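Residues 1 to 354 (UniProt numbering) are what the sequence shown spells out, left to right.
We treat Cβ as the ideally placed atom computed from N, Cα and C, and that holds for glycine.
Since the structure is predicted, the reported quantities are computational estimates derived from the model, not experimental observations.
Single-structure report; data block below.
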Amino acid sequence: MLTDGLEWCGLLVDYCDVFISCLDSCSDDTDAMFGFSLSFKPDPEYNVYTRFMKSHRCYDLVPTSSKLVVFDTSLQVKKAFFALVSNGVRAAPLWDSKKQCFVGMLTITDFINILHRYYKSPLVQIYELEEHKIETWREVYLQDSFKPLVSISPNASLYDAVSSLLKHKIHRLPVIDPLTGNTLYILTHKRILKFLKLFISEMPKPGFLSQTLEELNIGTFHSIAVVHSDTPLYATLGIFVDQRVSALPVVDENGHVVDIYSKFDVINLAAEKTYNNLDITVTKALQHRSQYFEGVLTCRASETLEAIISRLVEAEVHRLVIVDEQEVVKGIVSLSDILQALVLTNGDDGKTTL
Numbered sequence: 001m002l003t004d005g006l007e008w009c010g011l012l013v014d015y016c017d018v019f020i021s022c023l024d025s026c027s028d029d030t031d032a033m034f035g036f037s038l039s040f041k042p043d044p045e046y047n048v049y050t051r052f053m054k055s056h057r058c059y060d061l062v063p064t065s066s067k068l069v070v071f072d073t074s075l076q077v078k079k080a081f082f083a084l085v086s087n088g089v090r091a092a093p094l095w096d097s098k099k100q101c102f103v104g105m106l107t108i109t110d111f112i113n114i115l116h117r118y119y120k121s122p123l124v125q126i127y128e129l130e131e132h133k134i135e136t137w138r139e140v141y142l143q144d145s146f147k148p149l150v151s152i153s154p155n156a157s158l159y160d161a162v163s164s165l166l167k168h169k170i171h172r173l174p175v176i177d178p179l180t181g182n183t184l185y186i187l188t189h190k191r192i193l194k195f196l197k198l199f200i201s202e203m204p205k206p207g208f209l210s211q212t213l214e215e216l217n218i219g220t221f222h223s224i225a226v227v228h229s230d231t232p233l234y235a236t237l238g239i240f241v242d243q244r245v246s247a248l249p250v251v252d253e254n255g256h257v258v259d260i261y262s263k264f265d266v267i268n269l270a271a272e273k274t275y276n277n278l279d280i281t282v283t284k285a286l287q288h289r290s291q292y293f294e295g296v297l298t299c300r301a302s303e304t305l306e307a308i309i310s311r312l313v314e315a316e317v318h319r320l321v322i323v324d325e326q327e328v329v330k331g332i333v334s335l336s337d338i339l340q341a342l343v344l345t346n347g348d349d350g351k352t353t354l
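Have a look at this one:
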């Protein structure tokens, strides 16, 4: 069963208007609604973003109308990935008709794992991709390590959502109504940070926003996984599988970043039905990007956290490549790094709360 146009209705609140109206009202009302006072002076160690997240529910991010693709676990894997492409989504909840509940998510990571596990050569068809059902793949891949679906209630706080995303190291968190069992929305790091950015200028500004990535030690600066222009695609998929990263900077012989290959780029293999030849280079694979590519988005470790947040949100990307003056790769800063720093590291006690 494939549902490619489920429309879910929810309460959409214009938070900008609400926030502005609260600014015009008395401070006591503002304190009660948002969980923090707008009148006190900015404190470098004040946990304003943590309190903001705790005062908003996941339901606040659910749009009035959105398309949600749901797959039955009896669907063929190949058809499922083609459906992801045709519907322009990166993941879909999995419905088990026998258990009458959602049991997991099908993501691009599954597509990568299948290709890497079963690919042999350009001359041999990947039978498992062509014939396996989703439930068969899950049995083979998960074997005895079946884990329950990580989801969240629409009434849970955004703080709980951020904590769950980071604790379980997942990129998508289904919002499931506990009464109906319906999936209402899929929460992501990007959507949560974008929501926070709507109000960030109206909130007290913590001192750490003016500190640099280097000073705050935000990002990954050691053992950075990269690929070269001539790295075979199959080897690239292997790095995704083994190191559990979501993107790989493409560097030249001098270590200068020239491109980036992300997990999302892999779905183009399904879109163009070119997944039977993984011997091509990364450079060749990147020529099949379905969308316009404006270049690698980079930053410096000397830039402030505030500048990094603005760039991530405005560019609508999941990470920035940290480079030096010569454009040599020095690290990666991701959305999860940012949310960790804003919401959890600067928590109630000023320490990481996970």
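Option nearest residue i by Cα separation, candidates the options
i           : options                   : result
R244        : L187, D110, V257 and M105 : D110
residue 357 : R289, S97 and D252        : In the structure as shown, the chain starts at 1 and stops at 354, and residue 357 therefore has no counterpart that could be examined.
K78         : I186, L166 and E130       : E130
L184        : K194, A92, K133 and Y118  : A92
V70         : L84, S302 and L312        : L84
N277        : Y261, R191 and L233       : L233
V251        : V89, T236, K263 and F264  : T236
I224        : L248, T231 and V241       : L248
T212        : G255, I338, P204 and H222 : I338
V156        : Y59, R90 and L342         : Note on residue identity: the sequence assigns Ala, not Val, to residue 156. Taking only the C-alpha atoms, the option nearest A156 is Y59.
S153        : E272, R138, T136 and N182 : N182
V317        : S262, K99 and N87         : S262
V296        : V140, I260, C101 and F221 : I260
S302        : F264, E215, W95 and L158  : E215
Q76         : T136, F102 and M105       : T136
CB contact flag (residue i, residue j, <8 Å)
i    : j    : result
T229 : T281 : This sequence places Ser at residue 229; Thr is not what is there. The answer is yes: Cβ separation under 8 Å.
I309 : L320 : no
G219 : I332 : yes
S201 : T304 : no
Y49  : V257 : no
Y118 : I126 : yes
F195 : L61  : yes
T73  : I134 : yes
A270 : F82  : yes
A161 : L142 : no
V150 : I176 : no
V103 : D96  : yes
DSSP-derived helix/strand/coil call for residue i
i           : result
H228        : strand
A32         : Residue confidence for A32 is low, a pLDDT of 40 falling below 50, so the modelled location carries little weight; the figure read from the coordinates is stated next. In the structure shown, A32 sits in a helix (DSSP, three-state: H, G or I).
M105        : strand
S157        : strand
Y127        : helix
Q76         : strand
L339        : helix
G331        : strand
S27         : Interpretation of S27 is limited by its pLDDT of 39, a score under 50 that renders its predicted location unreliable; no figure is taken from the coordinates.
A247        : strand
I280        : coil
I176        : strand
T345        : helix
K205        : coil
T64         : coil
residue 356 : Here the chain has residues from 1 to 354 only, and residue 356 is not among them.
F221        : coil
V85         : helix
T298        : strand
V48         : helix
Residue i burial status per 10 Å Cβ neighbour count (16 or more: buried)
i           : result
S21         : In this prediction, S21 has a pLDDT of 38, which is less than 50 and means its spatial position is unreliable; what the coordinates show is noted afterwards. That one is exposed.
P122        : exposed
K330        : buried
P148        : exposed
A315        : exposed
P178        : exposed
T188        : buried
H168        : exposed
G207        : exposed
residue 365 : This structure leaves residue 365 out entirely; the chain is present only between 1 and 354.
L68         : buried
C299        : buried
S336        : buried
Q326        : exposed
S334        : buried
Q340        : buried
N217        : exposed
S86         : exposed
Delimiting residues of the alpha helix (DSSP H) encompassing residue i
i    : result
G238 : L233 to Q243
I308 : L305 to A315
A92  : First-last for A92: A91 to D96, but that is the beta strand (DSSP E), not the alpha helix (DSSP H).
Y185 : Y185 -> not in any alpha helix (DSSP H); beta strand (DSSP E) instead, spanning T183 to T188.
F146 : Counting along the chain, F146 falls outside any alpha helix (DSSP H), and DSSP gives it neither H nor E.
E214 : L213 to L216
N-terminal and C-terminal residue of the beta strand (DSSP E) that residue i is part of
i    : result
T136 : Counting along the chain, T136 falls outside any beta strand (DSSP E), though it belongs to the alpha helix (DSSP H) covering I134 to L142.
D259 : V257 to S262
R319 : R319 to V323
Test: residue i CB closer than 8 Å to a CB of chain C
i    : result
D259 : As a matter of chain content, chain C is missing from the structure shown, which is built from one protein chain.
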